[in-house]
Amino acid sequence: MGHLDHASLGWLTPALSYVMACIGAALGLRCTVRALGTTGRARRNWLVTAASAIGTGIWTMHFVAMLGFSVSGTDIRYDVPLTILSLLVAMVVVCAGVFAVGYSRDRTRALLLGGLTTGLGVASMHYIGMAAVRLHGDVTYDPVLVGISVLIAVVAATAALWAGLNIKSPVAVTVASLVMGAAVSSMHYTGMFAVRVHVTPSGEVLPGATAMQFIFPLAVGLGSYLFITSAFVALSPTAGEREASASAQRAVQNPAG
Numbered sequence: 041m042g043h044l045d046h047a048s049l050g051w052l053t054p055a056l057s058y059v060m061a062c063i064g065a066a067l068g069l070r071c072t073v074r075a076l077g078t079t080g081r082a083r084r085n086w087l088v089t090a091a092s093a094i095g096t097g098i099w100t101m102h103f104v105a106m107l108g109f110s111v112s113g114t115d116i117r118y119d120v121p122l123t124i125l126s127l128l129v130a131m132v133v134v135c136a137g138v139f140a141v142g143y144s145r146d147r148t149r150a151l152l153l154g155g156l157t158t159g160l161g162v163a164s165m166h167y168i169g170m171a172a173v174r175l176h177g178d179v180t181y182d183p184v185l186v187g188i189s190v191l192i193a194v195v196a197a198t199a200a201l202w203a204g205l206n207i208k209s210p211v212a213v214t215v216a217s218l219v220m221g222a223a224v225s226s227m228h229y230t231g232m233f234a235v236r237v238h239v240t241p242s243g244e245v246l247p248g249a250t251a252m253q254f255i256f257p258l259a260v261g262l263g264s265y266l267f268i269t270s271a272f273v274a275l276s277p278t279a280g281e282r283e284a285s286a287s288a289q290r291a292v293q294n295p296a297g
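As numbered in our numbering, the sequence shown has no gaps in its residue numbers, which increase by one up to the final residue, 297.
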């Protein structure tokens, strides 16, 4: 049995991964609020942005945390196609959940179905990402902890979608994003504590890329996307601001006589 260290770089990776999860959640919630205040193409665009933000935040959280994952007695590599697949799964399932809530007339049904779908998708992203791990040995899982991690993912996803529907103020969104970040991080580390590794020492070179060769650059790129998109959303006028601007322009063009 190899000794697993989930924070080989100290508190840097858990703290940074939590921050990324919170940023993704906050950005996704703000975009969802914007989407629900619009119609047509604008709503679709805001929902796509919300889904990409939440999906990117969850994926980045997972793999930033994985930068601190090590197993004594073996190196670790990552299968690149499977890692990319985990990112695509995160994007697609979150997009499905967000669109279900954003367009459905029966909000309660959409919330439950979207939360279940998105939660299972987030869990799938996590375990596909773990399937991408290459090391000298065999990886097994504690089924009870795996089940708990999936349950946490479903509850967290449902709560996120509910927050997108019901929370409007910036302060409430901030609090909700902090809670969501904690829930996503809890799901990740619960899933990681379910991991058991039986190391088989070997001198063979492992296939795949190291975390610093592939995971770190990709996480930096996606993190940059989150920060740039956050700036865009912060600078974009809200529906109320656009209406106020339009009213002001009408007043200038048609002054009271």
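All C-beta atoms in this analysis are idealised placements derived from N, C-alpha and C, irrespective of residue type, glycine included.
Bounding residues of the beta strand (DSSP E) (the contiguous stretch that carries residue i)
i           : result
residue 180 : 177 to 181
residue 228 : Unbroken run through residue 228 is the alpha helix (DSSP H), 210 to 233; no beta strand (DSSP E).
residue 116 : 116 to 118
Limits of the alpha helix (DSSP H) - the one that residue i falls within
i           : result
residue 149 : 147 to 171
residue 47  : Premise fails: residue 47 is in no alpha helix (DSSP H) and is neither H nor E.
residue 94  : 80 to 106
residue 63  : 52 to 76
For residue j and residue i, the rounded distance between their alpha carbons
i           : j           : result
residue 104 : residue 151 : 29 Å
residue 196 : residue 234 : 19 Å
residue 167 : residue 270 : 28 Å
residue 132 : residue 256 : 22 Å
residue 286 : residue 79  : Caution is warranted here: a pLDDT of 49 is assigned to residue 286, below 50, making its placement in the model unreliable, and the coordinate value is therefore given only provisionally. Straight-line Cα distance between these residues: approximately 17 Å.
residue 181 : residue 187 : 10 Å
residue 47  : residue 207 : 34 Å
residue 184 : residue 159 : 17 Å
residue 230 : residue 153 : 24 Å
residue 179 : residue 81  : 46 Å
residue 210 : residue 274 : 11 Å
residue 148 : residue 127 : 28 Å
residue 297 : residue 146 : Low per-residue confidence applies at residue 297: pLDDT is 49, beneath 50, and the placement is therefore not dependable enough to give any value.
residue 272 : residue 106 : 29 Å
residue 276 : residue 217 : 20 Å
residue 125 : residue 258 : 13 Å
residue 232 : residue 91  : 25 Å
Own chain residues within Cβ distance below 7 Å of residue i, not counting five before or after
i           : result
residue 281 : For residue 281, the predicted structure reports a pLDDT of 48, less than 50, and the residue's modelled location is therefore unreliable. A value from the coordinates is still provided. Answer for residue 281: no residue qualifies.
residue 93  : 64, 67, 68, 71, 266, 269
residue 86  : 71, 74, 75, 78
residue 171 : 122
Same chain, Cβ closer than 8 Å to residue i, five either side skipped, listed in chain order
i           : result
residue 52  : 108
residue 116 : 109, 110, 173, 174, 175, 246, 250, 251
residue 23  : Lying before the first or after the last residue shown, residue 23 is absent from the chain, which here runs from 41 to 297.
residue 213 : 66, 69, 70, 73, 203, 207
residue 56  : 104
residue 241 : 113, 114, 176
Close-in-space but distant-in-sequence residues of the same chain around residue i (CB under 6 Å, 5 per side omitted)
i           : result
residue 284 : Because the pLDDT of residue 284 is 47, which lies under 50, any placement of that residue in the model is unreliable, and the number read from its coordinates should be weighed accordingly. Excluding positions up to five away in sequence, the list is empty.
residue 45  : 110
residue 58  : 221, 225
residue 54  : 47
Residue i and residue j closer than 7 Å at C-beta
i           : j           : result
residue 111 : residue 175 : yes
residue 239 : residue 114 : yes
residue 228 : residue 169 : no
residue 136 : residue 157 : yes
residue 162 : residue 193 : yes
residue 203 : residue 69  : yes
residue 263 : residue 118 : no
residue 129 : residue 164 : yes
residue 60  : residue 100 : yes
residue 215 : residue 98  : no
residue 205 : residue 155 : no
Candidates the options, of which the one nearest residue i by Cα
i           : options            : result
residue 95  : 134, 189, 121      : 134
residue 243 : 232, 177, 192, 220 : 177
residue 199 : 237, 138, 272, 56  : 138
residue 43  : 56, 191, 236, 273  : 236
residue 144 : 97, 98, 83, 232    : 83
residue 254 : 120, 85, 77, 54    : 120
residue 190 : 205, 226, 171      : 226
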